[in-house]
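This report refers to the structure that appears directly beneath it.
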Amino acid sequence: MAIGFLIGSVVGSIVWTTGFADSAGSLGGAGGYVAQGLFIFAFGDTIALGYLGTALMMESD
């Protein structure tokens, strides 16, 4: 699950810098960092849960 979170966080960081960095600039300094952190955490958590779900499905076979 930690590997899934790591992969998701790296990909979330890349997605943030390529797609959302300009739109978050209007939030100001601290607001932009909070939005970036929440986005990366949510992206990483989603990928980690996907990895966990896949592992549980493969284990039940």
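Each step along the sequence shown adds one to the number in this note's numbering, with nothing skipped, and position 20 is 20. Ideal placement from N, C-alpha and C gives every residue a C-beta, glycine not left out. It should be emphasised that the depicted structure is a prediction, and the values quoted were computed from it without experimental measurement.
In terms of residues, what are the limits of the alpha helix (DSSP H) holding G12? Numbered from its first residue, the sequence shown carries residue 12 at position 12. Unbroken alpha helix (DSSP H) run through G12: A2 to V15.
Pick helix, strand or coil for G50, following the three-state DSSP scheme. As a first step, residue 50 must be located in the sequence shown, where it is residue number 50. Looking at G50 - three-state DSSP - the assignment turns out to be helix.
Of the choices F43, T54 and G50, whose alpha-carbon is the least far from that of I14? Taking the sequence shown and counting its residues from 1, one reaches residue 14 at position 14. The shortest C-alpha separation from I14 is found at F43.
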